[in-house]
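**Student:** What follows is a single structure, and I will ask about it in a moment.
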Amino acid sequence: MSLKAPETPPRIQNRAVAIFGGTFDPVHHGHLRAAAEVSEWLKVSDFRLLPVGTPPHRTQTYASAFHRLAMLELALAPFQDLTVDDREVRRGGTSYMIDTLRSVREEVGDVPVFLCVGQDAANALNTWKEWRSLFDLAHLVIMTRPDSVSQYPPELEACITERLVERTRDLVASPAGGIRSVEVTQLAISSTNIRNQLAQSHSPRFLLPATVLSYIEKHQLYSPNGPQADTVE
Ligand code: ATP
46 MSLKAPETPP RIQNRAVAIF GGTFDPVHHG HLRAAAEVSE WLKVSDFRLL PVGTPPHRTQ
106 TYASAFHRLA MLELALAPFQ DLTVDDREVR RGGTSYMIDT LRSVREEVGD VPVFLCVGQD
166 AANALNTWKE WRSLFDLAHL VIMTRPDSVS QYPPELEACI TERLVERTRD LVASPAGGIR
226 SVEVTQLAIS STNIRNQLAQ SHSPRFLLPA TVLSYIEKHQ LYSPNGPQAD TVE
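In our numbering, the protein residues as written are 46 to 278.
Structure below.
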């Protein structure tokens with residue numbers, strides 16, 4: 046395990062909010078471990094996993110928003126410090142992070158907001174709607190991931206270089222606008238791999254919480270004979 050610890054972690058940021066968005070199709074221990082480490086590192090008391098409602102970048106999800114939300118709630122049930130934010134699912138329509146952050150900002154006021162994304166997502170940030178405006182609303186926390194390297198197109202590279210800060214406390218000093226990279230434990234788990242195992246009737250046990258696997262089995266999600274109604278949003 047290699048955890049970067051270049052500074053003393055800040056004290057609990059009671060007034061800060063962190064958002065970890067993803068498809069969570071299904072949620073797995075890679076997501077959960079990253080969330081646990083980043084929330085601890087940022088010392089935020091309000092850390093939210095936020096399932097995308099209808100993703101703009103993918104043609105489909107495999108389980109419906111309803112099931113993805115239910116699986117996240119089961120996974121996080123034992124942990125009071127990690128919660129589910131269902132605003133994209135409730136909002137309906139295509140989910141754009143810029144709209145989500147605007148709504149979060151409206152709710153929380155002038156406190157630091159951290160948008161946590163994996164390195165793979167960060168590499169394509171310039172394809173997100175109104176991507177430059179994201180920095181008016183949140184800080185970006187880039188979580189490094191086992192199979193991805195930083196590979197930014199020039200306009201994004203310039204933006205990241207300009208906004209990168211060395212110390213987390215530099216982020217906390219303002220509500221938005223900075224970028225920090227945080228290394229998380231390398232767990233080579235992906236939702237794709239879990240879906241593939243289920244589709245081949247293999248068990249992905251121990252890659253995800255047992256409660257989530259039971260839910261998948263009960264509802265026959267991702268299985269070769271699973272309900273196809275769940276596969277297209
Ligand atoms: P898929 O295989 O369907 O693409 P995924 O496993 O990458 O899914 P997502 O829900 O798309 O999961 O990811 C949400 C966020 O979690 C992304 O920012 C991604 O980089 C991060 N993430 C996914 N898997 C891991 C992991 N094993 N370790 C750390 N971060 C992860």
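Virtual Cβ for every residue (Gly too), placed ideally from N, Cα, C.
Do Ala120 and Val257 have their CB atoms nearer than 7 Å?
**Tutor:** The sequence position of residue 120 within the sequence shown is 75, counting from 1. The sequence position of residue 257 within the sequence shown is 212, counting from 1. Yes, the Cβ-Cβ distance between Ala120 and Val257 is below 7 Å.
**Student:** Following a CB-centred definition, is Ile234 positioned closer than 6 Å to any heavy atom of the ligand ATP?
**Tutor:** One-based indexing of the sequence shown puts residue 234 at position 189. Under cutoff, so the answer is yes.
**Student:** Specify whether the stretch 173-184 and the stretch 216-223 touch according to this definition: at least 3 beta carbon pairs, one from each stretch, less than 8 Å apart.
**Tutor:** yes
**Student:** Would the beta-carbon of Asp6 be found less than 6 Å away from any heavy atom of the ligand ATP?
**Tutor:** Outside the shown range of the chain, which is 46 to 278, sits residue 6, and nothing can be said about it.
**Student:** Excluding the 5 residues flanking Tyr267 on each side, which residues of the same chain have their C-beta closer than 8 Å to its C-beta?
**Tutor:** Walking along the sequence shown from the start, residue 267 turns up at place 222. Here the set comprises Pro71, Tyr107, Ala108, Ile239, Arg240, Leu243, Ala244 and Ile261.
**Student:** Using a threshold of 6 Å, is the CB atom of Phe124 nearer than that to any non-hydrogen atom of the ligand ATP?
**Tutor:** Taking the sequence shown and counting its residues from 1, the one referred to as residue 124 is at position 79. Phe124: no, Cβ never under 6 Å from the ligand ATP.
**Student:** My output table needs one value for Leu95: the three-state DSSP class, helix, strand or coil.
**Tutor:** Looking up residue 95 in the sequence shown gives position 50. Looking at Leu95 - three-state DSSP - the assignment turns out to be strand.
**Student:** Do Val129 and Asp91 have their CB atoms nearer than 7 Å?
**Tutor:** Reading the sequence shown from its first residue, position 84 is the one you call residue 129. Reading the sequence shown from its first residue, position 46 is the one you call residue 91. Not in contact: Val129 and Asp91 (Cβ atoms no closer than 7 Å).
**Student:** Using DSSP bridges, identify the partner residues of Met188.
**Tutor:** On the sequence shown, residue 188 is found 143 positions in, with the first residue counted as 1. Answer is Gly163 and Val227, bridged to Met188.
**Student:** Using only alpha-carbon positions, find the residue among Gly154, Gln265, Leu127 and Leu185 that is nearest to Ala166.
**Tutor:** Numbered from 1 along the sequence shown, position 121 holds the residue referred to as residue 166. When only C-alpha atoms are compared, the closest one is Leu185.
**Student:** Who are the near neighbours of Pro51 in its chain, counting only those whose CB is closer than 6 Å to its CB and skipping five residues on each side?
**Tutor:** Along the sequence shown, one-based indexing puts residue 51 at 6. With a pLDDT of 49 at Pro51, under the threshold of 50, the modelled position of that residue is not reliable, and the figure given next carries that caveat. Excluding residues within five positions, none has a Cβ falling inside 6 Å.
**Student:** Under the rule that 16 or more other beta-carbon atoms within 10 Å means buried, what is Gly75, buried or exposed?
**Tutor:** Locating residue 75 in the sequence shown gives position 30, where the first residue counts as 1. Buried, because 16 or more other Cβ atoms sit within 10 Å of the Cβ of Gly75.
**Student:** To the nearest angstrom, report how far apart Leu77 and Ser236 are at their CA atoms.
**Tutor:** Walking along the sequence shown from the start, residue 77 turns up at place 32. Walking along the sequence shown from the start, residue 236 turns up at place 191. Going by the C-alpha atoms only, they are around 12 Å apart.
**Student:** If you compare alpha carbons, which of Phe69, His73 and Trp176 is closest to Glu200?
**Tutor:** Counting from 1 along the sequence shown, the entry for residue 200 is found at position 155. Comparing Cα positions, the closest option is Trp176.
**Student:** Between which two residues does the beta strand (DSSP E) holding Val194 run?
**Tutor:** As a first step, residue 194 must be located in the sequence shown, where it is residue number 149. Taken as a continuous stretch (DSSP letters only), Val194 belongs to no beta strand (DSSP E), as it is neither H nor E.
**Student:** Contact check, Ser84 vs Leu127 under 8 Å by CB: the rounded distance?
**Tutor:** Against the sequence shown, residue 84 aligns to sequence position 39. Against the sequence shown, residue 127 aligns to sequence position 82. Indeed they touch by this definition, with Cβ atoms about 7 Å apart.
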